[in-house]
Each structure stands twice: as C-alpha cells, then as structure tokens.
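The block underneath contains the structure these notes are about, expressed in structure tokens.
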Amino acid sequence: MPLRTVLLMVLGLGFLYLLFTVGAPFLLALIVVIFLEPLTKIFMTKFKMNRLTASTVTSTLFTLGLLGLMGLIGIKIFEELTSFWSNLPSYLKSANDYIQDALEKASNSYNGVGNDNELPIKLESLTNNLTDWLSGLATSISKPLVGFAAGIPSFFVVMIVFFVAVYLFSLSLPTMMASFLSVFAEESRSQVSQVMENLRRSIFGFLRAQFVLSLMTYVLSFVGLLIIGTGYPLAIALLIVVVDILPILGTGSVLVPWAAYMLLTGDTYAGIGLILLFLVITVVRRIVEPKVLGDAVGIGALPALISLYVGFELVGLVGVFLGPVVVIVYMAARKVGLINLKIKL
C-alpha cells in the first residue's frame with residue numbers, strides 16, 4: 048500500500064475521532080441536515096422556494112419538533128425523579144430498620160442459647176457499618192444528580208451550537224459537498240461520491256439499528272418494571288437504556304444493585320423480578336444486536352461485534368460508534384476500488 052494512502056487513512060481516522068468527540072454537535076447537525084435534505088428539495092421543487100427559505104423552513108420544523116418532544120419527555124421524567132428523590136430517605140430508613148430488626152432478632156436468638164458477649168458486639172459493629180453504608184449510598188446517589196444539574200448549562204450551550212449548525216449546514220450543504228469533492232482528482236470524484244453514498248446509507252442504518260435496540264431495551268424495561276410494580280417506570284427505563292449503551296456497564300449496573308437492595312430489605316418478589324429482567328434484557332440484546340447492526344450497516348454480524356468491542360477498548364465510548372464507521376468506510380472504499388490491498392508471497 049502506498050505511503051500516501053496510509054497517511055490519508057491515518058489522517059482520516061484522526062479526523063473521525065475528533066468528529067466523534069469535540070465535533071459531536073457538528074457531526075449530529077450534519078447527519079440531521081443530510082436526513083432533512085429530501086424534505087428541503089421537496090419545498091424547493093413543489094413550492095418554488097429558494098435554498099435559503101426551504102432550508103430555514105425544514106430546520107425550523109425539526110427544531111420545534113425536537114424541542115417539543117424533549118419538553119414532553121423531560122417534564123414526565125423530572126416529575127418521576129423528583130418523586131423518587133423525595134421518597135429516597137424513607138426508602139433508606141426502611142432498609143435500615145429492616146437490617147436493625149434482623150440483627151436484633153439474631154442477637155436475641157443467640158442470647159437465648161449462650162452467654163458469650165462476643166456475637167452481640169460483632170452484630171452491633173455490623174449494624175453500624177451497614178448504617179454507614181446506607182448513608183454513603185444516599186450520598187453516592189445524590190452525586191450523579193448534582194453532577195447532572197451542574198452539566199445543564201453545558202448541555203444548553205451544546206444544544207444551541209447544534210441548532211445553529213443545523214441551520215448553517217442546511218443552507219450550505221451543496222457548497223460543502225462541492226468543496227469536499229474538489230479536493231480529489233477528477234477521475235476519483237465519482238468513486239468518492241459512491242463511498243459517501245454508501246457511508247450515508249450505512250450511518251443511517253447504524254443509527255436506525257441503535258434506535259431499534261434502545262427502543263427494544265426500553266420496552267422490555269418498561270413492561271418488566273410495570274409487572275414488578277417498582278414505580279417510576281418511565282424514568283428508570285430511560286436510565287437503563289442510557290446505561291445499556293455502554294458495553295462494560297450495561298443494564299446490570301442499575302438492575303443488579305437494585306435487586307440486591309430489594310432482597311436485602313425483604314422484598315423477594317421485586318428482587319427476583321429485577322434479576323430476571325436483567326437476564327432477559329441482556330440475553331435478548333446480545334442475541335439481536337450483532338444481527339440487527341450487521342444488516343443495518345451492511346457488514347456481517349461478527350465484524351460488527353468485533354468493531355464495537357475493539358472500538359470501545361481503544362477509545363472508550365466514542366469507539367462504540369467509531370469502530371463500525373471505520374469498518375464501513377474501509378469496505379466502501381474497497382468496493383469502489385479506492386483501496387486495493389493484495390498480499391503476494
């Protein structure tokens with residue numbers, strides 16, 4: 048492989064990494080604009096609008112729709128989280144009372160059969176340790192909420208940048224495409240256009256697959272929580288979906304500690320139900336994910352799974368999205384003949 052090709056691949060990977068990290072708002076805006084481009088062209092052809100008017104209309108419709116959806120979901124989740132947070136002290140107190148009662152019964156049973164004071168002392172120490180652990184648990188739960196509240200200003204800044212980028216990219220998308228193609232030689236532009244088209248289809252397929260998987264996880268979580276009767280199913284199901292995106296953490300980071308808490312406080316039905324829900328979500332997602340992702344982006348189930356894992360191990364959460372994109376770009380480039388690697392022995 049020529050040195051120039053290797054250098055271009057390295058620079059391309061570096062650009063993709065930056066695009067998925069610091070450039071994430073602009074990347075999302077560009078994806079949205081490409082998705083909205085057919086609607087923009089409809090406004091231009093059917094209603095005889097110029098580019099500025101048509102792109103403004105489509106961007107405004109998208110912005111209003113997204114803000115409305117975020118507002119409706121946010122209000123409901125905020126109500127459930129507020130209710131949960133207000134009841135958290137009573138939950139922790141009930142757990143502490145249950146533990147205290149169980150240890151007291153164990154101490155009384157021991158006093159009935161022996162006179163050694165060593166076990167009561169150990170039980171008292173264990174009680175104090177468990178009480179401290181519950182207090183620490185309350186503090187640990189409050190830290191993410193405080194961190195989320197502290198990150199709200201940054202979130203608004205990112206959203207403003209995102210919406211402004213949607214308007215600007217929608218207006219100048221044809222110019223951007225022409226400028227990008229002008230970098231390549233005349234004879235290579237058709238091949239690059241084919242790579243971009245394949246990449247566009249694969250990226251939309253990848254996002255569609257992630258949406259389907261997240262929706263499947265949300266439905267399973269929501270239905271399972273309703274059957275178990277834990278309360279706050281909307282907010283908790285959304286939390287499970289967000290955590291499940293992370294390959295290392297997964298749904299177990301939410302459901303397993305919660306199940307342990309329920310079993311510890313004597314709610315066996317809820318504890319076993321949460322464990323079964325965790326197993327169902329994990330098995331279903333791990334079976335369906337490679338197939339759905341492979342079919343959506345046009346790569347096999349095994350390469351899709353490998354790219355997800357290797358990408359996460361190399362660059363963290365960004366690699367979950369960057370890994371499949373690298374495979375997609377490589378396969379698209381080989382398909383049109385931009386990369387022709389053959390090893391001769």
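Residue numbers (this note's numbering): 48 to 392.
Even glycine gets a Cβ: it sits at the ideal position worked out from N, Cα and C.
Collapsing the DSSP output to three states places Asn-245 in a helix. For Ile-328, the closest alpha carbon among the candidates Thr-277, Val-373, Leu-262 and Met-378 is that of Leu-262.
Counting the other Cβ atoms within 10 Å of the Cβ of Ser-249 gives 16 or more, which makes it buried.
Pairwise C-beta distances place the segment 98 to 109 in contact with the segment 73 to 87, as three or more of them are shorter than 8 Å. Where Lys-95 is concerned, there is no enclosing alpha helix (DSSP H), because DSSP gives it neither an H nor an E.
Counting the other Cβ atoms within 10 Å of the Cβ of Gly-59 gives fewer than 16, which makes it exposed. Boundaries of the alpha helix (DSSP H) harbouring Ile-283: 280 to 291, taken from the DSSP string. Counting every other CB atom within 10 Å of its CB across the protein chains shown gives Val-53 a total below 16, marking it as exposed. Gly-276 and Gly-70 have their C-alpha atoms some 42 Å from each other. Ranked by Cα distance from Ser-201, the first of Ala-76, Pro-72 and Ala-343 is Pro-72.
When secondary structure is reduced to three states using DSSP, Phe-227 falls in the helix class.
Annotation: Ile-334 to Leu-326 spans about 12 Å, alpha carbon to alpha carbon. Contact check between the segment 298 to 307 and the segment 280 to 289: three or more CB pairs, one atom from each, fall below 8 Å, which counts as touching. Contact check between the segment 305 to 313 and the segment 203 to 223: fewer than three CB pairs, one atom from each, fall below 8 Å, which does not count as touching. Lys-95 and Val-372 have their C-alpha atoms spaced approximately 37 Å apart. The criterion of a C-beta distance shorter than 8 Å is satisfied by Thr-105 and Phe-90. A distance below 6 Å between beta-carbons, with the five flanking residues on each side excluded, links Ser-268 to the following residues of its chain, in chain order: Ala-284 and Ile-287.
With respect to the C-alpha of Leu-323, the residue from Thr-92, Met-378, Leu-302 and Ile-78 having the closest C-alpha is Leu-302. Looking only at Ile-292, Asn-134, Ser-219 and Gly-118, the smallest Cα-Cα distance to Thr-103 is reached by Ser-219. Thr-129 counts as exposed, since fewer than 16 other C-beta atoms from the protein chains shown sit within 10 angstroms of its C-beta. Taking the Cβ atoms as the reference, Leu-260 lies roughly 14 Å from Val-330, outside the contact range of under 8 Å. Judged by beta-carbon spacing, Ala-379 lies within the 8 Å limit of Asn-245, meaning their Cβ atoms are closer than that value. Note on geometry: alpha-carbon atoms of Phe-210 and Thr-68 lie some 18 Å from one another. For Val-301, the enclosing alpha helix (DSSP H) covers residues 299 to 311. Sequence-distant partners of Asn-97 (beyond 5 residues in either direction) whose C-beta falls short of 8 Å from its own C-beta, in its chain, are Met-91. Separation of Ala-317 and Ala-306 (C-alpha to C-alpha, rounded to the nearest whole angstrom) is 7 Å. DSSP, reduced to helix, strand and coil, places Ala-232 outside both helices and strands of the structure shown, so it counts as coil.
Between Leu-119 and the set Val-208, Ala-101 and Leu-281, the nearest pair of CA atoms involves Leu-281. At least 8 Å separates the beta-carbon of Tyr-64 from that of Leu-355.
Cβ neighbours of Val-208 within its own chain (closer than 7 Å, five residues either side excluded): Pro-72.
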